[in-house]
Amino acid sequence: MADILISVRGEAEQRTAPELAQVSASVATEGAEREDVVARASASAASMRERLDVLHGHGAVTAWSSGTTSVWSDRPWEPDGRAPELRHQATIAFTATFADVAALGEWVSTLADDATVRIAHVEWHLSPATRTRIERELATTAVGVAVSRASAYAAALGLGSVEPTEIADVGLLSGADAAPPESAFTRTALLAADGASGGIDLRPTEIVVSAAVEGRFIAR
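Using the numbering used here, the first residue of the sequence shown is number 2, and each one after it goes up by one.
Structural data, given as structure tokens:
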């Protein structure tokens with residue numbers, strides 16, 4: 002029997018507990034007096050920065066940042082056509098990455114009584130070192146799955162061995178369709194927080210890391 006060309010895909014997946022929590026939050030105030038609105042926003046933001054500085058110094062927060070104060074005014078019309086007084090609003094955005102989930106919970110608890118603070122969401126991540134290690138392990142496993150599949154096809158055809166000619170990320174084998182290639186690795190994690198600071202669910206969500214490769218083999 003002539004040599005047979007076999008093309009297969011290999012996949013691997015791993016669920017891992019997250020190590021980092023990236024929090025997006027903001028300070029928001031409103032009122033009839035612009036100066037008062039800005040002053041209250043600045044005071045709340047200063048308190049938040051002070052807390053984050055302390056947590057960063059203790060290692061519970063790996064990095065954090067805050068934006069500048071955004072101020073705007075509007076005059077929403079009443080249903081009866083009357084124009085109410087001008088209202089002013091101010092917001093300051095924050096982002097903080099926590100390496101300590103317990104410290105994150107305590108920090109959120111300290112914000113619960115501050116009506117000016119809102120937590121937009123929390124995203125769970127792996128550290129760069131862990132992500133690199135897992136991706137390397139999954140790449141090895143995915144290639145092994147591809148080899149095993151090619152060998153199974155060869156055995157079903159009564160052939161004894163397979164020899165790899167190409168291994169590539171999905172969509173990158175020579176002669177493949179021109180569709181955009183898929184990433185070799187994918188990582189997913191649900192957002193575990195939404196809403197005001199007092200009602201946040203801070204339970205870490207497992208991160209699913211998966212890898213996929215395609216291989217081409219000659220079976221003899």
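Glycine included, C-beta positions come from ideal geometry on N, C-alpha and C.
Through-space distance from Ala-140 to Ala-185, alpha-carbon basis: 8 Å
Distance between beta carbons of Pro-205 and His-126, contact taken as under 8 Å: Rounded, the Cβ-Cβ distance is 10 Å, inconsistent with contact.
Assigned secondary structure, Ala-103 (DSSP; H/G/I helix, E/B strand, else coil): helix
Neighbourhood of Thr-69 by C-beta distance below 8 Å, restricted to the same chain and skipping five residues each side: Ile-93
Alpha-carbon to alpha-carbon, Ala-42 and Ala-33: 14 Å
N- and C-terminal bounds of the beta strand (DSSP E) containing Ala-212: 208-220
Top-ranked residue by Cα proximity to His-57, from Gln-23, Phe-95, Phe-99: Phe-99
Environment of Val-214 [buried if 16+ CB atoms lie within 10 Å]: buried
8 Å Cβ shell around Arg-52 - same chain, five flanking residues per side excluded: Trp-108, Thr-111
Residue nearest to Phe-218 in terms of C-alpha spacing, selected from Gly-161, Met-49, Arg-119, Ser-211: Gly-161
Local conformation of Asp-37 per DSSP, three classes: helix
8 Å contact criterion, which Glu-31 and Arg-88 should meet: CB distance rounded: 6 Å
Beta-bridge pairing of Arg-10 - partner residues as DSSP gives them: Glu-215
Test item: CB-CB of Gly-60 and Leu-203 under 8 Å: no
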